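In what follows, a single structure is set out as structure tokens and then discussed.
Number of protein chains: 2
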Amino acid sequence: MVSTRALLSSVSMVVPAADPLSPEPPLPGPWLERTFAPGAALLAQGDVPTAVYEIRSGWVLLSSFLPDGRRQVVDFCLPGSIIGLQHPPRGTSEQSAQTLTRVAAAALPVSILGSALLTNPLLAIGLAQRVAAGQERARALLVSLGRRTARERVAHLLLDLFVRVRLRVPACAGEEIPLPLTQEHLADAVGLSPKHVNRMLRLLREHGVVALHGRTLRVLDHDRLLDEAGVAEYPVRLARAG
Amino acid sequence: MVSTRALLSSVSMVVPAADPLSPEPPLPGPWLERTFAPGAALLAQGDVPTAVYEIRSGWVLLSSFLPDGRRQVVDFCLPGSIIGLQHPPRGTSEQSAQTLTRVAAAALPVSILGSALLTNPLLAIGLAQRVAAGQERARALLVSLGRRTARERVAHLLLDLFVRVRLRVPACAGEEIPLPLTQEHLADAVGLSPKHVNRMLRLLREHGVVALHGRTLRVLDHDRLLDEAGVAEYPVRLARAG
DNA sequence: CGGGGGGTTGAGCACGGTCAAGGGTAGTGG
DNA sequence: CCACTACCCTTGACCGTGCTCAACCCCCCG
């Protein structure tokens, strides 16, 4: 079994980090500190965001709803994540953001965002980097939903969350992390039914890979987890012509 | 049947555009013009990008490969899209980029990217916006892969591509657009097998929705297409507590 | 004329969804 | 302190969407 530290570096492809093993520094700019209770809505699908948030602590769930109520979780926002930066700039949001825990966030009203960006190049650069990180997470999840089996999907998501929490949440060490999610949240993230997620969790537990009890995730065997998640040395198959 | 112009505005949620009905202006900065033949590789998975590209004309396919060869297309890059902006900044790419047509692109070597960003705030802001647009596309695709049926997925992708080409490629008008893709490309984008994509295309054709012949896509009935894609007025179901 | 890449179609199967029922636990109020 | 309740987790049996395998066709290009 590899060590947690070795795991963190070996799977950097899963969670690209600007500065591995340390939280990202806050972005410069005239931010306002705010806090939210668990279950609070930072943003609703269809609304025009009034502020951009940088998460400082806690978990935020980003999800999209179809007209008939089907939900897809598109991101788990941890400290360092940016919420509310739209395209087009003053357009409506395609996602809802709700807190899963108590959350501390820095807010930048969109009314002053433009001038802040122009006067503070480091803010613009930092935002571009953070959004690029979010795009990377979305694309990694796309690979799972499109081309991995159910079992690989939940293994990969748990590995991803484990690594991200260990990187982003300072107080976390050891093989256990808190995971403030229900199985329904997980199901809506990996595109499965809650029942089937439950089955896959049981398999992973019975095979001694990971155990998810209460609201804590315990990694039992890092090697097995990497294997189950389908993370390996680089796929050297290059892009084919055509 | 709604008009194409009405379609373009009614589905702005599918393809967020900074300035609907007109191509995005080139970003400022010391860009170098380059061209690529069809099938060229701009970037290979696992490599460290040497330049950031802004696509000026043509199609570029962005895809990720699993170790066993499974492929997932994560973006179709059209004029205005940014390629090669990584997170972390000097890290390896998780995707391969290959051209599908002859492509004109503007290149900015990463060696001068940092100074260009610092001296040109509009470049940094523009990059952040373009990356945000790419993130939005990735998240929209996530919703399809996670929560739509096979038929909805291909209808939604065809609608999305139709609208994006009409917005981004100036020479395109009418109900037909060129689509330089094989059914295998479509399959790798929507997470289905090529055979099943073929079946769904047949259904959509038989129902008079869209027809894909040769390398051109023809929209037969815009209303039906919106309906099949599961695009509707806003899902007013708000985020639930917890 | 031959070859190859892509498109088309059908038959059978399996992965994952649906339906149904039960159990554990934490919070709440009597 | 002890129901009561609501939420979440768990498990099993059955079913359907979408995958696999196999064959054939068509068109373009050599």
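Sequence order for the protein chains is A and B. Taking our numbering, the leading residue of the first sequence gets 6, the next gets one more, and so forth. Taking our numbering, the leading residue of the second sequence gets 6, the next gets one more, and so forth. Beta carbons: idealized from backbone N, C-alpha and C, even for Gly. If you're wondering where the values come from, they're calculated on a predicted model, not measured in any experiment.
Length of the line joining the Cα atoms of residue i and residue j
{"i": "VAL215(A)", "j": "ALA121(B)", "result": "46 Å"}
{"i": "ALA155(A)", "j": "MET205(A)", "result": "7 Å"}
{"i": "HIS212(B)", "j": "VAL168(A)", "result": "47 Å"}
{"i": "ASP232(B)", "j": "VAL224(B)", "result": "13 Å"}
{"i": "ARG95(A)", "j": "ARG207(A)", "result": "45 Å"}
{"i": "ARG158(A)", "j": "LEU172(A)", "result": "21 Å"}
{"i": "LEU37(A)", "j": "ALA192(A)", "result": "34 Å"}
{"i": "PRO183(B)", "j": "PRO43(B)", "result": "15 Å"}
{"i": "LEU222(B)", "j": "GLU181(B)", "result": "6 Å"}
{"i": "ARG153(A)", "j": "ARG220(B)", "result": "29 Å"}
{"i": "PHE70(B)", "j": "GLU141(A)", "result": "14 Å"}
{"i": "GLY119(B)", "j": "PRO72(A)", "result": "43 Å"}
{"i": "GLN50(A)", "j": "GLU99(A)", "result": "5 Å"}
{"i": "LEU47(A)", "j": "PRO33(A)", "result": "21 Å"}
{"i": "LEU197(A)", "j": "LEU163(A)", "result": "14 Å"}
{"i": "PRO35(A)", "j": "PRO84(A)", "result": "18 Å"}
{"i": "ALA109(B)", "j": "SER62(A)", "result": "43 Å"}
{"i": "LEU66(A)", "j": "CYS82(A)", "result": "6 Å"}
{"i": "LEU186(A)", "j": "ASN203(A)", "result": "13 Å"}
{"i": "VAL170(A)", "j": "ALA160(A)", "result": "15 Å"}
{"i": "ALA45(B)", "j": "TRP64(B)", "result": "11 Å"}
{"i": "LEU166(B)", "j": "LEU146(A)", "result": "21 Å"}
{"i": "VAL226(B)", "j": "PRO114(A)", "result": "The sequence as given places Asp at residue 226(B); Val does not occur at that position. If I take the Cα positions, the gap works out to 42 Å."}
{"i": "HIS201(A)", "j": "HIS201(B)", "result": "23 Å"}
Residue burial classification, residue i (beta-carbon count within 10 angstroms, cutoff 16)
{"i": "VAL195(A)", "result": "buried"}
{"i": "GLY139(A)", "result": "buried"}
{"i": "LEU230(A)", "result": "buried"}
{"i": "LEU217(A)", "result": "buried"}
{"i": "ALA234(B)", "result": "buried"}
{"i": "ALA133(A)", "result": "buried"}
{"i": "GLY179(A)", "result": "exposed"}
{"i": "PRO30(B)", "result": "exposed"}
{"i": "CYS177(B)", "result": "exposed"}
{"i": "VAL148(A)", "result": "buried"}
{"i": "THR104(A)", "result": "buried"}
{"i": "ASP228(A)", "result": "exposed"}
{"i": "VAL236(B)", "result": "buried"}
Assumed close pair residue i, residue j - CB separation to whole angstroms, cut-off 8 Å
{"i": "ARG144(B)", "j": "ALA143(A)", "result": "5 Å"}
{"i": "PRO199(B)", "j": "GLU189(B)", "result": "5 Å"}
{"i": "THR40(A)", "j": "ARG107(A)", "result": "7 Å"}
{"i": "ALA111(B)", "j": "HIS92(A)", "result": "Wrong, their Cβ atoms sit about 20 Å apart, outside the cutoff."}
{"i": "SER116(B)", "j": "SER68(B)", "result": "About 27 Å separates the two Cβ atoms, so there is no contact after all."}
{"i": "VAL53(B)", "j": "THR97(B)", "result": "5 Å"}
{"i": "LEU209(A)", "j": "LEU150(B)", "result": "With 8 Å as the limit, LEU209(A) and LEU150(B) do not qualify as a contact, their Cβ atoms being about 22 Å apart."}
Touch check for the stretch 40-59 of chain A and the stretch 80-99 of chain A: three-plus C-beta pairs under 8 Å?
Touching, yes.
Could you list the residues in the stretch 175-188 of chain B with a C-beta less than 7 Å from some C-beta on chain A, going in chain order?
Cβ contacts with chain A: none found.
Inter-stretch contact (C-beta, 8 Å, three-pair minimum) for the stretch 128-136 of chain A and the stretch 63-79 of chain A:
no
Members of the stretch 65-81 of chain A near chain B, C-beta cut-off 9 Å:
LEU66, LEU67, SER68, SER69, PHE70, LEU71, PRO72, ASP73, GLY74, ARG75, ARG76, GLN77, VAL78, VAL79 and ASP80
Short-range partners of chain B found in the stretch 92-113 of chain A, where Cβ spacing is below 8 Å
Those residues of the stretch 92-113 of chain A that come within reach of chain B (Cβ to Cβ, closer than 8 Å) are HIS92, PRO93, PRO94, GLY96, THR97, GLU99, GLN100, SER101, ALA102 and GLN103.
Chain B contacts from the stretch 140-154 of chain A (Cβ-Cβ distance under 8 Å):
Taking 8 Å as the cut-off between beta carbons, the residues of the stretch 140-154 of chain A near chain B are GLN140, GLU141, ALA143, ARG144, ALA145, LEU146, LEU147, VAL148, LEU150, GLY151, ARG152 and ARG153, in sequence order.
Which residues, in chain order, does the stretch 112-128 of chain B contribute to contact with chain A at a C-beta distance below 9 Å?
Of all residues in the stretch 112-128 of chain B, GLY119, LEU122, LEU123, THR124, ASN125, PRO126, LEU127 and LEU128 have a Cβ within less than 9 Å of some Cβ in chain A.
May I ask you to list, following chain order, the residues of the stretch 186-209 of chain A that have a beta carbon less than 9 Å from some beta carbon of chain B?
THR187, ASP193, ALA194, VAL195, GLY196 and LEU197
Taking any Cβ of chain B, which residues in the stretch 210-225 of chain A have a Cβ under 9 Å from it, in chain order?
none
Check each residue of the stretch 35-64 of chain B: if its Cβ is closer than 7 Å to any Cβ of chain A, include it; give the result in chain order.
GLY44, ALA46, ALA49, GLN50 and GLY51
Looking at chain B, which residues of the stretch 156-174 of chain A have a Cβ within less than 8 Å of any of its Cβ atoms?
The residues in question: there are none.
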